[in-house]
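Numbering-wise (our numbering), the sequence shown opens with residue 107 and increments by one.
Positions of the beta carbon are idealized from the N, C-alpha and C atoms, including for glycine.
All figures in this text were calculated on a predicted structure; none of them were measured in a lab.
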Amino acid sequence: MRSAKAVVSEKLARIVPAATMSTAQRQPAYTTTSLKRWSVATKALPAISQIRSIHVYDFDNTLFLSPLPNPQLWNGQTIGLLQTEESFANGGWWHDPNLLAATGQGIDIEEPKGWKGWWNENILRLVQLSMQQKDALTVLLTGRGEDRFADIVKRMVASQNLEFDMIGLKPEVSPNGHKFPSTAQFKQKFLEDLIFTYEQAEDIRVYEDRVKHVKMFRDYFEGMNMSLQTGQTPVPRRPITAEVIQVSEGVTYLDPTAEIAEVQRMINSHHLALRTSGPRKMRSGYGGFRIRKTVLYTGYLISKEDQMRLIQEVLGPILPQGLAESKDIKYTANNIMIAPRPASKQILDRIGGAGKKVKWQVTGTANFENKVWAARVQPIPGNTPIHSENAVPLVVLACRKPARPVDASLIQNWHPVPAEMAITFQTEIGEKEVLSVDETNQNGDRINPSGKNNKKRQRQQYEDGYSYAQSGHHASYDGPAPSHDHPHGHHSKQYHYDDGPRRGSQRGRGRGSQRGRGNNGRGGRGRGRGGGTGPANPYYKSLDDSASGFDGTHSGGNQNGGYPMDY
Numbered sequence: 107m108r109s110a111k112a113v114v115s116e117k118l119a120r121i122v123p124a125a126t127m128s129t130a131q132r133q134p135a136y137t138t139t140s141l142k143r144w145s146v147a148t149k150a151l152p153a154i155s156q157i158r159s160i161h162v163y164d165f166d167n168t169l170f171l172s173p174l175p176n177p178q179l180w181n182g183q184t185i186g187l188l189q190t191e192e193s194f195a196n197g198g199w200w201h202d203p204n205l206l207a208a209t210g211q212g213i214d215i216e217e218p219k220g221w222k223g224w225w226n227e228n229i230l231r232l233v234q235l236s237m238q239q240k241d242a243l244t245v246l247l248t249g250r251g252e253d254r255f256a257d258i259v260k261r262m263v264a265s266q267n268l269e270f271d272m273i274g275l276k277p278e279v280s281p282n283g284h285k286f287p288s289t290a291q292f293k294q295k296f297l298e299d300l301i302f303t304y305e306q307a308e309d310i311r312v313y314e315d316r317v318k319h320v321k322m323f324r325d326y327f328e329g330m331n332m333s334l335q336t337g338q339t340p341v342p343r344r345p346i347t348a349e350v351i352q353v354s355e356g357v358t359y360l361d362p363t364a365e366i367a368e369v370q371r372m373i374n375s376h377h378l379a380l381r382t383s384g385p386r387k388m389r390s391g392y393g394g395f396r397i398r399k400t401v402l403y404t405g406y407l408i409s410k411e412d413q414m415r416l417i418q419e420v421l422g423p424i425l426p427q428g429l430a431e432s433k434d435i436k437y438t439a440n441n442i443m444i445a446p447r448p449a450s451k452q453i454l455d456r457i458g459g460a461g462k463k464v465k466w467q468v469t470g471t472a473n474f475e476n477k478v479w480a481a482r483v484q485p486i487p488g489n490t491p492i493h494s495e496n497a498v499p500l501v502v503l504a505c506r507k508p509a510r511p512v513d514a515s516l517i518q519n520w521h522p523v524p525a526e527m528a529i530t531f532q533t534e535i536g537e538k539e540v541l542s543v544d545e546t547n548q549n550g551d552r553i554n555p556s557g558k559n560n561k562k563r564q565r566q567q568y569e570d571g572y573s574y575a576q577s578g579h580h581a582s583y584d585g586p587a588p589s590h591d592h593p594h595g596h597h598s599k600q601y602h603y604d605d606g607p608r609r610g611s612q613r614g615r616g617r618g619s620q621r622g623r624g625n626n627g628r629g630g631r632g633r634g635r636g637g638g639t640g641p642a643n644p645y646y647k648s649l650d651d652s653a654s655g656f657d658g659t660h661s662g663g664n665q666n667g668g669y670p671m672d673y
């Protein structure tokens, strides 16, 4: 017969392993099998012992130059509306795969060409080098939704023969049952599983275009390494050398006609969902929508090429040293104002009508209090009938905040220009229009047609280079327009939706010069790479930059003019 002590000892021996197992079960299981559940790629993950380096690439405007809503096409409030997930039943700009599929000439034409011209070539080469590195895990990580975008993203990377070990898109629910309120939280959790699974990896590089996410990642890795050093992590591992590389933001747009058609399709899909599901079952709190066109001004419109000539050859020599790179300077040089509204038929008939080409020559330059710079012009030949909003026909070349282009009318003294600055250029009479997506009621009537919308539109006029006391008008306006007639004058009724090229000029190419390092080489190191010397697009912001997102009464974005995104 066994003693009581022996019986107790046997029972304890059974309990202790069970308790140990229970504790182990509460720890996350960091295995390649578990990690693979994050990925939509079919490729088998490499063995944990094989990987010494992890390379993570963001998709939108890091690897691929995803088109943004065109600020020359839409007013600022509409740009915010289009990019907010809760605005439309189908999720809006960054949550509707049809918008991405419309890039370039559309997926049917672009896929066989591999979306040529729409990739950040520098990052593309880096991905290819990562693929060739045997001890590197190559990862594509994007906040776009897994359910809607897995297919098209896989097709896009396959068109360039890119073989990522993992392609991570934001799921509705994580493999562990977590929901993510933001892209940032999703990416952090993804990276955590990545690092603790590949515990022998010595370094990780993350390529990201958004400034706020770059800082977030650097802080995240710094905090992780501190926790690893103090043993406050789910599983032990050595600290990892982390480098977050900021890629210059690319700025690209759809063809204007295609963009308008896609937005109209979004509206039609929203209306269909509203009819079939009812407002209570929709994620959007909005009713109907419609696209509305507003004429900001009528003028002698100047081509992009001639705008650059005027800025470089006329403004350049007279702009004070040091101001050229100032963020307060806005370059315009885009028209000779006829009227800050649709011009009357009488005026248009007198000066030749919409589409009439008129040649001009610069005769003088001046500035108002070193805040507004303008060029005085005259038509060629001198007896050409023209019409001008100002007593003297002029081109506003640039203005410095808080001045407005309309302040050029206060200029009194003009300085004759030397022969090399007396350049000639051709214009076309037309209207500068802006579109908006307005909410409508059940009868199709516009909701809140005044007040906040008018205030917002006036701000948009300023962003476009003109801000007048008069509010905008619909294109059908044909009333009188008090202004200055000249014995030689002109005007038009063309629709100029886009003042710029289809693709923006600040693209993610070349190498940047910024370099920043975290402490002790651990946590967040970063260097600028991916090039482009132009300014960052002010409309390119993350939803994580805004606590509440777009609520329909937004007064114009954040302090930088940006609007929320979530991808």
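Outcome for residue i when other beta-carbon atoms lying within 10 angstroms are tallied against a minimum of 16
i           : result
residue 506 : buried
residue 329 : exposed
residue 248 : buried
residue 620 : Caution is warranted here: a pLDDT of 36 is assigned to residue 620, below 50, making its placement in the model unreliable, and the coordinate value is therefore given only provisionally. By the 10 Å Cβ count, residue 620 comes out exposed.
residue 193 : buried
residue 555 : Annotation note: pLDDT 45 at residue 555 (below 50); position unreliable, coordinate value reported separately. Classification for residue 555: exposed.
residue 611 : Note that residue 611 scores 37 on pLDDT, short of 50, meaning its location in the model is unreliable; the coordinates nonetheless yield the value given after this. That one is exposed.
residue 279 : exposed
residue 135 : exposed
residue 495 : buried
residue 206 : buried
residue 639 : Summary for residue 639: the model assigns pLDDT 35, below 50, so the residue's position carries little reliability, and this model does not support an answer.
residue 412 : buried
residue 215 : exposed
residue 561 : Confidence is the limiting factor: at residue 561 the pLDDT is only 42, short of 50, which leaves the residue's position unreliable, though a coordinate-based value still follows. Looking at its Cβ environment, which holds fewer than 16 other Cβ atoms inside 10 Å, residue 561 is exposed.
residue 172 : buried
residue 183 : buried
residue 235 : exposed
residue 525 : exposed
residue 242 : buried
residue 429 : exposed
residue 341 : exposed
residue 209 : buried
residue 284 : exposed
Minimum C-alpha distance to residue i - residue among the options
i           : options            : result
residue 515 : 521, 534, 473      : 473
residue 346 : 324, 152, 393, 364 : 324
residue 260 : 220, 518, 167      : 220
residue 351 : 143, 339, 376, 317 : 317
residue 267 : 237, 471, 460      : 237
residue 538 : 409, 492, 420      : 409
residue 416 : 542, 180, 397, 504 : 504
residue 302 : 269, 291, 335, 343 : 343
residue 165 : 432, 250, 449, 287 : 250
residue 453 : 492, 440, 485      : 492
residue 370 : 398, 356, 380      : 398
residue 349 : 457, 320, 140, 547 : 320
residue 533 : 283, 442, 362      : 442
residue 144 : 510, 168, 231, 294 : 294
residue 195 : 458, 518, 377      : 377
residue 177 : 203, 366, 223, 469 : 366
residue 475 : 458, 374, 181, 425 : 425
First and last residue of the uninterrupted beta strand (DSSP E) at residue i
i           : result
residue 309 : 309 to 314
residue 398 : 394 to 408
residue 330 : Taken as a continuous stretch (DSSP letters only), residue 330 belongs to no beta strand (DSSP E), being part of the alpha helix (DSSP H) at 317 to 336.
residue 506 : 500 to 506
residue 69  : With the chain covering only 107 through 673, there is no way to say anything about residue 69.
residue 542 : 530 to 546
residue 142 : Element bounds for residue 142: not the beta strand (DSSP E) but the alpha helix (DSSP H), 138 to 142.
residue 347 : 347 to 353
residue 164 : 159 to 164
residue 276 : 272 to 276
Assumed close pair residue i, residue j - CB separation to whole angstroms, cut-off 8 Å
i           : j           : result
residue 162 : residue 313 : 7 Å
residue 159 : residue 308 : 7 Å
residue 481 : residue 420 : 5 Å
residue 188 : residue 543 : 7 Å
residue 466 : residue 446 : Not quite, the Cβ-Cβ distance comes to about 20 Å (not below 8 Å), so this is no contact.
residue 275 : residue 290 : Not quite, the Cβ-Cβ distance comes to about 15 Å (not below 8 Å), so this is no contact.
residue 230 : residue 359 : The Cβ separation is near 21 Å, so there is no contact.
residue 168 : residue 271 : Actually they are not in contact, since the Cβ atoms of residue 168 and residue 271 sit about 17 Å apart, beyond 8 Å.
Residue i, enclosing alpha helix (DSSP H) - first and last residue
i           : result
residue 303 : 289 to 303
Near the ligand SAM: residue i beta-carbon under 7 Å from a heavy atom
i           : result
residue 417 : No copy of the ligand SAM appears in this structure; indeed no ligand is present at all.
Complete runs of the alpha helix (DSSP H) confined to the region 178 to 256 [at least 4 residues]
182 to 188, 203 to 207, 213 to 219, 227 to 238
What runs of the beta strand (DSSP E), each 3 residues or longer, lie entirely inside the region 407 to 488?
435 to 437, 441 to 445, 463 to 474, 478 to 486
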